[in-house]
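Peer 1:
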Amino acid sequence: MLTLITMRHAKSGWDDPGIEDRDRPLSDRGRRDAPRIGQWLHNAAPLPDLILCSSAQRTLETAQAVTGQLDGAPEPIPRDDLYMARSDRLLSVLRAATGGTVMVIAHNGGIGDFAARMVRDAPEHERFADYPTAATCVMEFDAETWAEVRPGTGRVTGFVVPRDLEGLVG
Numbered sequence: 148m149l150t151l152i153t154m155r156h157a158k159s160g161w162d163d164p165g166i167e168d169r170d171r172p173l174s175d176r177g178r179r180d181a182p183r184i185g186q187w188l189h190n191a192a193p194l195p196d197l198i199l200c201s202s203a204q205r206t207l208e209t210a211q212a213v214t215g216q217l218d219g220a221p222e223p224i225p226r227d228d229l230y231m232a233r234s235d236r237l238l239s240v241l242r243a244a245t246g247g248t249v250m251v252i253a254h255n256g257g258i259g260d261f262a263a264r265m266v267r268d269a270p271e272h273e274r275f276a277d278y279p280t281a282a283t284c285v286m287e288f289d290a291e292t293w294a295e296v297r298p299g300t301g302r303v304t305g306f307v308v309p310r311d312l313e314g315l316v317g
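Residues in the sequence shown are numbered from 148 upward in steps of one, following our numbering.
(1) Can you give me the C-alpha to C-alpha distance between Ala263 and Asp277, rounded to a whole angstrom?
(2) Take the Cβ of Met250 as the centre, count every other Cβ of all protein chains shown within 10 Å, and call the residue buried at 16 or more, exposed below.
(3) Mark Ser234 as exposed unless 16 or more other C-beta atoms lie within 10 angstroms of its C-beta, in which case mark it buried.
(4) So, with DSSP's three-state summary, where would you put Ser159?
(5) Examine the Cβ distances between the segment 205 to 217 and the segment 156 to 176 and report whether three or more of them are shorter than 8 Å.
(6) Helix, strand or coil for Pro309? Go by DSSP, reduced to three states.
(7) Using only the alpha-carbon positions, how far apart do His272 and Leu149 sit?
(8) For Gly219, count neighbouring Cβ atoms within 10 angstroms of its own Cβ and tell me buried if that reaches 16, exposed if not.
(9) Tell me the residue span of the alpha helix (DSSP H) that contains Glu208.
(10) Straight-line CA distance for Asp163 to Asp180?
(11) Whole angstroms is fine: what's the gap from Val285's alpha carbon to Phe306's?
(12) Tell whether a beta-carbon distance below 8 Å holds between Pro309 and Arg226.
(13) Return the CA-CA distance between Arg267 and Leu238, expressed in angstroms with no decimal places.
(14) From the DSSP output, which residues share a beta bridge with Gly301?
(15) Going by DSSP, which residues form a beta bridge with Ala253?
(16) Measuring straight from C-alpha to C-alpha, what distance separates Ala281 and Val303?
(17) Alpha helix (DSSP H) containing Arg236: first to last residue?
What follows is the structure, given as structure tokens:
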């Protein structure tokens, strides 16, 4: 059994119009939301063996905030090829991954499309289709290696957006 966690980065800031897209940091809301997702993951999913994230500032900050809530989590691995990656690229990266539980933190539209493509049945959540900032999906696959995983075979075991977690300390 393999577990995949897909997450869109938390809300980013747009205060400085002169900053390059790749360098945009999280907004205050993003800094509040990401730890809440980490708390939720602590209870909803196995601890990741591998965390892959886009090399953009907002995904790196998201990864750090999430893993700060997961004792024993590995350091996120930033990857330039995950910056604004499309679903097919995300699948290619996943197929080369190792470990029983892999977390991928990236951008929309790629990460939302990737999550939708990987699951057998979409969760009954009104926000799954648009995959808002910090949306996170946990899915399981009956496979021994990531190279064997096929789209449309994942079983969703959890899906959450920050609004679902309002009231949690973060």
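Where is the CB? At the ideal position from N, CA and C, for every residue including glycine. As the structure is a prediction and not an experimental result, all values here were calculated from the model.
Peer 2: Concretely, from the data shown:
(1) 10 Å
(2) buried
(3) buried
(4) strand
(5) yes
(6) helix
(7) 23 Å
(8) exposed
(9) 204 to 214
(10) 21 Å
(11) 6 Å
(12) no
(13) 15 Å
(14) Val266
(15) Arg155
(16) 17 Å
(17) 234 to 242
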